[in-house]
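Chains as they are written, first to last, in full-length UniProt numbering: chain E, 1 to 467; chain C, 1 to 508.
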Amino acid sequence: MTIAQEPAALNFECETGNYHTFCPISCVAWLYQKIEDSFFLVIGTKTCGYFLQNAMGVMIFAEPRYAMAELEEGDISAQLNDYEELKRLCEQIKRDRNPSVIVWIGTCTTEIIKMDLEGLAPKLEGEIGIPIVVARANGLDYAFTQGEDTVLAAMANRCPDKAPVAEAEKNERNAIQKLLNFGKKKEDVAQEESEYVDHPPLVLFGSLPDPVVTQLTLELKKQGIKVSGWLPAKRFTELPVLEEGYYVAGVNPFLSRTATTLMRRRKCKLIGAPFPIGPDGTRAWIEKICSVFGITPKGLEEREAQIWAGVEDYVKLIRGKSVFFMGDNLLEVSLARFLVRCGMTVQEVGIPYMDKRYQAAELAMLEQACHEMGVPLPTIVEKPDNYNQLQRIYELQPDLVITGMAHANPLEARGINTKWSVEFTFAQIHGFSNARDILELVTRPLRRNNNLKDLGWDKLVREEAKI
Amino acid sequence: MKLAYWMYAGPAHIGTLRVASSFKNVHAIMHAPLGDDYFNVMRSMLSRERDFTPVTASVVDRHVLARGSQEKVVDNITRKDAEEHPDLIVLTPTCTSSILQEDLQNFVERAQLEAKGDVMLADVNHYRVNELQAGDRTLQQIVQFYIEKARKKGELPTSKTEKPSVNIIGISTLGFHNNHDCTELKRLMADLGIEVNAVIPEGASVHELKNLPRAWFNLVPYRELGLMAANYLEAEFGTPCINITPMGVVETARCIRKIQEVINAQGANVDYEEYINEQTLYISQAAWFSRSIDCQNLTGKKAVVFGDNTHAAALTKILSREMGIHVVWAGTYCKYDADWFREEVKDYCDEVLITDDHGAIGDAIARVEPSAIFGTQMERHVGKRLDIPCGVIAAPIHVQNFPIGYKPFLGYEGTNQITDLIYNSFTLGMEDHLLEIFGGHDTKEVITKGISAESDLNWTKDGLAELNKIPGFVRGKVKRNTEKFARDRGFKDISAEVLYAAKEAVGA
Chain E
1 MTIAQEPAAL NFECETGNYH TFCPISCVAW LYQKIEDSFF LVIGTKTCGY
51 FLQNAMGVMI FAEPRYAMAE LEEGDISAQL NDYEELKRLC EQIKRDRNPS
101 VIVWIGTCTT EIIKMDLEGL APKLEGEIGI PIVVARANGL DYAFTQGEDT
151 VLAAMANRCP DKAPVAEAEK NERNAIQKLL NFGKKKEDVA QEESEYVDHP
201 PLVLFGSLPD PVVTQLTLEL KKQGIKVSGW LPAKRFTELP VLEEGYYVAG
251 VNPFLSRTAT TLMRRRKCKL IGAPFPIGPD GTRAWIEKIC SVFGITPKGL
301 EEREAQIWAG VEDYVKLIRG KSVFFMGDNL LEVSLARFLV RCGMTVQEVG
351 IPYMDKRYQA AELAMLEQAC HEMGVPLPTI VEKPDNYNQL QRIYELQPDL
401 VITGMAHANP LEARGINTKW SVEFTFAQIH GFSNARDILE LVTRPLRRNN
451 NLKDLGWDKL VREEAKI
Chain C
1 MKLAYWMYAG PAHIGTLRVA SSFKNVHAIM HAPLGDDYFN VMRSMLSRER
51 DFTPVTASVV DRHVLARGSQ EKVVDNITRK DAEEHPDLIV LTPTCTSSIL
101 QEDLQNFVER AQLEAKGDVM LADVNHYRVN ELQAGDRTLQ QIVQFYIEKA
151 RKKGELPTSK TEKPSVNIIG ISTLGFHNNH DCTELKRLMA DLGIEVNAVI
201 PEGASVHELK NLPRAWFNLV PYRELGLMAA NYLEAEFGTP CINITPMGVV
251 ETARCIRKIQ EVINAQGANV DYEEYINEQT LYISQAAWFS RSIDCQNLTG
301 KKAVVFGDNT HAAALTKILS REMGIHVVWA GTYCKYDADW FREEVKDYCD
351 EVLITDDHGA IGDAIARVEP SAIFGTQMER HVGKRLDIPC GVIAAPIHVQ
401 NFPIGYKPFL GYEGTNQITD LIYNSFTLGM EDHLLEIFGG HDTKEVITKG
451 ISAESDLNWT KDGLAELNKI PGFVRGKVKR NTEKFARDRG FKDISAEVLY
501 AAKEAVGA
């Protein structure tokens with residue numbers, strides 16, 4: 001694993017898959033908040049429930065719109081009828097919460113006992129009158145953020161396939177549009193329509209906090225590009241229309257199944273771009289969308305330069321430093337690319353799963369960034385082995401390790417700076433204006449340790465680093 | 001199927017992992033899908049462990065589903081054995097692997113042929129036992145394994161220690177204040193002139209286990225963890241087991257008297273009465289506190305208690321017997337051991353509640369409107385919602401319940417800590433009420449005035465009447481919320497209708 005000479009192209013490796021990450025059912029934590037009229041029912045065991053309860057921390061106390069359908073011994077041995085049991089619970093949910101959609105999250109257990117959720121759902125849906133979307137977000141097949149991917153892929157099939165009646169009304173259906181048009185008169189709206197270039201409808205996919213949705217939508221509006229809809233929308237009832245030939249673009253690197261579904265099932269055209277993470281990524285993302293629609297982007301270069309100038313105080317702290325991604329949330333390639341642009345050397349990019357086609361543009365951009373910044377190309381390690389990675393970390397002594405919480409404290413105790421990777425999935429990191437937030441996270445351990453550096457408290461374990 | 005989103009006790013494998021990772025140089029390998037190693041995060045975050053949690057997963061993925069684990073589990077065990085040379089590897093089944101019904105025992109036997117350390121399979125059924133029961137069973141299993149191993153090799157010591165000695169059984173990682181309790185118990189034993197023969201599982205090496213029979217008696221401070229191991233030792237070696245939790249002044253004295261009885265029966269000649277008297281009256285402050293006028297003010301105040309068996313029972317007795325507080329109901333989520341709990345608290349509360357449904361607990365709290373709650377983190381949040389103070393006395397717990405400062409619940413220092421906890425919960429509640437009665441904090445007034453002048457709002461007669469029906473301790477809050485609601489919408493008069501509209505708007 002030592003870098004003998006500078007490799008010319010990215011090097012891909014695959015290890016044992018013995019690594020720590022969150023279970024993909026964790027996606028309910030952010031998706032139930034994003035889709036306001038949804039209810040997520042995780043069909044699993046106590047283990048799943050215990051994970052959610054602990055991973056979601058205080059959110060659990062806010063009467064969340066999710067619950068466990070906890071399987072008991074009778075369910076496992078089929079002494080109880082799956083359909084009847086699910087019907088009973090879903091009726092209770094309907095009575096108590098009256099959601100517009102119930103999302104069933106299939107888990108490892110439902111896979112193993114082969115509970116036919118996809119088969120049961122349409123039948124039950126007909127009976128109780130609430131749409132039931134099935135997503136198999138289990139730890140047998142997926143890691144962490146891929147959970148969102150399975151949910152959105154399932155939702156993509158629920159998007160209406162024809163714009164309902166008049167054009168004006170379609171605008172009304174759209175949450176973002178409504179938000180942007182809020183309080184404006186009809187003629188103003190018409191006026192605004194003319195600000196857009198005439199291009200085929202564009203739908204973006206990926207769940208982001210509403211402020212970020214607004215920011216990215218406005219960013220595209222500046223180029224005359226209209227976002228016709230967003231998967232997911234704020235409400236299930238506001239899912240965007242997807243007609244054959246619509247263009248779609250992803251905002252997150254872990255959405256490859258959703259992209260595939262949109263292309264194959266909904267006959268949409270995918271715009272393969274780097275992801276709008278960091279000012280460089282955001283610019284490349286917009287430029288790629290513009291180029292597809294034959295638009296010459298305006299003012300992006302200045303915009304990017306301006307953002308870089310604004311974060312120089314943070315970039316200064318990490319320039320020339322090294323970073324090691326242990327890998328657990330699939331944001332790694334985009335973050336690595338951004339940090340290379342910030343002047344860091346990336347030693348290793350661990351990643352749970354690498355879709356080279358969906359991430360092609362991002363990978364090319366990482367390679368280009370390394371060449372332009374004159375730093376060695378990192379090895380991309382798919383399905384990493386945490387034990388081996390720790391040996392490499394001890395050897396390489398990176399300035400920063402981006403890792404899960406299981407390793408963070410033990411590494412800190414051994415004098416190695418860490419940043420908890422999960423924060424990147426919950427913080428707002430997309431678009432131009434959130435570049436500072438990424439750097440805020442990345443530099444935090446370095447800034448903290450700058451404050452403590454003279455105290456001589458670097459290594460706080462007795463024996464030499466041993467796992 | 002059961003609809004649930006909160007559980008008090010975790011799944012079985014958590015109990016096994018807690019016991020295994022409490023030992024020194026014992027590694028646990030979970031037969032589990034990706035993401036089930038969440039235990040490592042909890043241990044690293046909650047108890048701020050400096051060392052890597054000795055738990056890894058032998059990942060169950062699609063291939064395992066199709067073809068079985070085959071060599072994978074064995075390879076993972078032997079690999080870990082070679083990498084870290086643990087004394088013992090505990091193969092831990094999870095809910096997923098228990099449905100796969102692979103012959104894990106066979107994997108263990110095969111791995112044992114190659115591994116230098118010992119290998120065992122944790123014997124727990126995921127669908128029948130919870131975290132606490134599984135932990136208890138795993139500890140017993142490990143103890144038995146090493147006792148039998150030593151016996152086979154003829155290494156089992158036959159004699160007792162020269163001076164009276166004790167095994168403290170049941171201190172574990174992620175246990176509520178366990179490390180502080182352990183220190184306090186060791187101090188107590190030192191005061192009593194008793195040697196600590198072993199503390200298990202926390203910090204113990206499996207090699208020490210063969211020495212367990214040397215102790216004069218076993219002390220099991222917590223009801224949930226250690227009894228099975230202690231009963232096993234009693235059956236094998238006749239070592240008496242003391243399972244009186246020394247929590248609270250009276251119970252601590254009872255525990256010490258029992259120790260006296262047990263060791264005197266084995267030929268020691270000790271009299272601890274003087275020590276108990278001295279500690280109770282002058283060293284611990286708890287007895288003096290119950291006599292002081294502070295505590296007098298608490299007389300007859302209503303409280304509810306909920307938690308695991310050990311802590312809920314002990315707190316109920318302390319509140320009722322030592323402080324004169326009226327415990328309306330006491331409850332436990334240890335349903336499997338409910339009879340014990342009922343028996344312990346029946347004289348100290350009006351009602352006993354046995355459930356693991358947090359909704360039922362919340363309703364029961366709302367129903368009795370106590371002045372203070374003593375419960376888990378879940379009850380703390382119920383308290384927040386109802387504006388009732390809560391002292392956290394049992395797991396499930398958050399990171400703030402792993403204090404760095406010395407905060408035992410057991411022994412004489414424990415009585416001091418518990419007194420503070422109880423008293424602070426009640427006075428905070430009192431303070432809140434006084435503030436409500438006298439019109440709240442200054443800051444609240446300023447905020448109200450800052451938004452708009454007071455005069456533009458008028459409470460109509462029926463509005464005021466409805467407001468007065470609202471219980472005193474939330475009335476101020478309701479009034480503020482309603483006024484804010486009215487101001488936001490430009491209402492001048494606040495009628496009963498507006499009040500209820502406001503209530504609906506905040507989703508109360």
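Idealized CB from N, CA, C, for every residue including glycine.
**Prompt:** Under a Cβ-count criterion, where at least 16 other Cβ atoms within 10 Å of its own Cβ denotes burial, should C:Q140 be classed as buried or exposed?
**Reply:** buried
**Message:** Please report whether the beta-carbon of C:M30 lies at a distance below 8 angstroms from any beta-carbon of chain E.
**Reply:** no
**Request:** Spatial neighbours of C:D191 within its chain, please: CB distance less than 7 angstroms, with the 5 preceding and 5 following residues excluded, ordered by chain position.
**Result:** Y275
**Item:** Whole-number beta carbon distance between C:T460 and C:D493, since they are thought to touch under 8 angstroms
**Value:** 5 angstroms
**Request:** Sort E:S421, E:V103 and E:Y314 by Cα distance to E:F235 and report the nearest one.
**Result:** Reading off the sequence, residue 235 of chain E comes out as Arg, not Phe. Of the candidates E:S421, E:V103 and E:Y314, the one whose C-alpha sits nearest the C-alpha of E:R235 is E:V103.
**Asked** Closer than 8 angstroms, CB to CB, is C:S22 near chain E or not?
**Response** no
**Message:** So, under 8 angstroms CB-CB, C:R214 and C:S165 are touching, yes? Tell me the CB distance rounded to an integer number of Å.
**Reply:** 7 angstroms
**Message:** Rounded to whole angstroms, what is the Cα-Cα separation between C:F341 and C:A313?
**Reply:** Distance between the alpha carbons of C:F341 and C:A313: 7 angstroms.
**Item:** chain E residues whose Cβ lies nearer than 8 angstroms to that of C:E49
**Value:** What C:E49 touches in chain E: N409 and P410.
**Asked** Going by Cα to Cα distance, which pick from E:R88, E:I438, E:Q79 and E:I286 is closest to E:Y314?
**Response** E:I438
**Prompt:** Under a three-way DSSP split, which group does E:S421 fall into?
**Reply:** coil
**Message:** So within the region 14-86 of chain C, which uninterrupted beta strand (DSSP E) runs reach at least 3 residues, ignoring any that extend past its ends?
**Reply:** Taken in chain order, the complete beta strand (DSSP E) segments of 3 residues or longer contained in the region 14-86 of chain C are 26-32 and 55-59.
**Asked** With distances taken from CA atoms, which of C:V143, C:E278, C:K258 and C:N178 is nearest C:G212?
**Response** Note on residue identity: the sequence assigns Leu, not Gly, to residue 212 of chain C. Here the closest residue by C-alpha is C:V143.
**Item:** Nearest candidate by alpha-carbon position, reference C:T92, set C:Q70, C:N125, C:R67 and C:D81
**Value:** Closest option to C:T92, judged by alpha-carbon separation, among C:Q70, C:N125, C:R67 and C:D81: C:N125.
**Request:** Compare the C-beta of C:C95 against all C-beta atoms of chain E and say whether one is closer than 8 angstroms.
**Result:** yes
**Asked** Does the Cβ of E:P99 have 16 or more other Cβ atoms within 10 Å, making it buried, or fewer, making it exposed?
**Response** buried
**Prompt:** Count the other CB atoms within 10 Å of the CB of C:F426; is the residue buried (16 or more) or exposed (fewer)?
**Reply:** Flag for C:F426 reads buried.
**Item:** Ordered list of beta strand (DSSP E) runs contained in the region 306-360 of chain E, each at least 3 residues
**Value:** As far as the region 306-360 of chain E is concerned, its whole beta strand (DSSP E) runs of at least 3 residues are 322-325 and 345-351.
**Prompt:** Can you name, in chain order, every residue of its own chain whose Cβ lies under 6 angstroms from the Cβ of C:A150, other than the five neighbours on each side?
**Reply:** Correct list, in chain order: L156 and K210.
**Message:** What residue range does the alpha helix (DSSP H) around C:F145 cover?
**Reply:** E131 to K153 is the extent of the alpha helix (DSSP H) around C:F145.
**Message:** Between C:M45 and chain E, is the shortest Cβ-Cβ distance under 8 angstroms, so that the two count as touching?
**Reply:** yes
**Item:** N- and C-terminal bounds of the alpha helix (DSSP H) containing C:I365
**Value:** H358 to V368
**Asked** Any Cβ of chain E within less than 8 angstroms of the Cβ of C:K2?
**Response** Yes, its Cβ sits closer than 8 angstroms to a Cβ of chain E.
**Prompt:** Does the count of Cβ pairs from the region 403-410 of chain C and the region 358-371 of chain C closer than 8 angstroms reach three?
**Reply:** no
**Request:** Can you give me the start and stop residues for the beta strand (DSSP E) that E:C290 sits inside?
**Result:** Unbroken run through E:C290 is the alpha helix (DSSP H), G278 to V292; no beta strand (DSSP E).
**Asked** Whose Cβ in chain C lies nearer than 8 angstroms to the Cβ of E:T21?
**Response** From the beta-carbon of E:T21, the residues of chain C found nearer than 8 angstroms are L34 and G35.
**Prompt:** Using DSSP with H/G/I as helix, E/B as strand and the rest coil, what is C:N458?
**Reply:** C:N458 carries a strand assignment under DSSP once its states are collapsed to helix, strand and coil.
**Request:** Just the chain C side, please: which residues come within less than 8 angstroms of E:A67 by C-beta, in chain order?
**Result:** What E:A67 touches in chain C: L3, A4 and Y5.
**Prompt:** On the premise that E:P64 lies in contact with E:Q32, defined as a C-beta separation below 8 angstroms, what is that separation, rounded to the nearest angstrom?
**Reply:** At residue 32 of chain E the sequence reads Tyr, which differs from the Gln that was named. E:Y32 to E:P64, Cβ: 6 angstroms. Contact.
**Item:** Chain-ordered neighbours of C:N40 on chain E, where CB pairs are closer than 7 angstroms
**Value:** H20 and A406
**Prompt:** Distance, Cα to Cα, E:C342 vs E:G229?
**Reply:** 33 angstroms
**Asked** For the putative contact between E:I271 and E:Q223, defined by C-beta atoms under 8 angstroms, what is the C-beta separation to the nearest angstrom?
**Response** Rounded to whole angstroms, the Cβ separation of E:I271 and E:Q223 is 13 angstroms, and the two are not in contact under 8 angstroms.
**Burial state of E:K267 (16 or more Cβ within 10 Å)** = exposed
**Request:** Look at the Cβ atom of E:P279, then the Cβ atom of E:A143, and state whether they are nearer than 8 angstroms.
**Result:** no
**Prompt:** If you draw a straight line from the C-alpha of C:K449 to the C-alpha of C:R321, how long is it?
**Reply:** Note that C:K449 scores 35 on pLDDT, short of 50, meaning its location in the model is unreliable; the coordinates nonetheless yield the value given after this. Each residue's Cα considered, the two are about 48 angstroms apart.
**Request:** Starting from the beta carbon of C:Y336, find every residue of chain E whose beta carbon is closer than 9 angstroms, and list them in chain order.
**Result:** Going along chain E, no residue has its Cβ under 9 angstroms from C:Y336, so there is no contact; the nearest lies around 14 angstroms.
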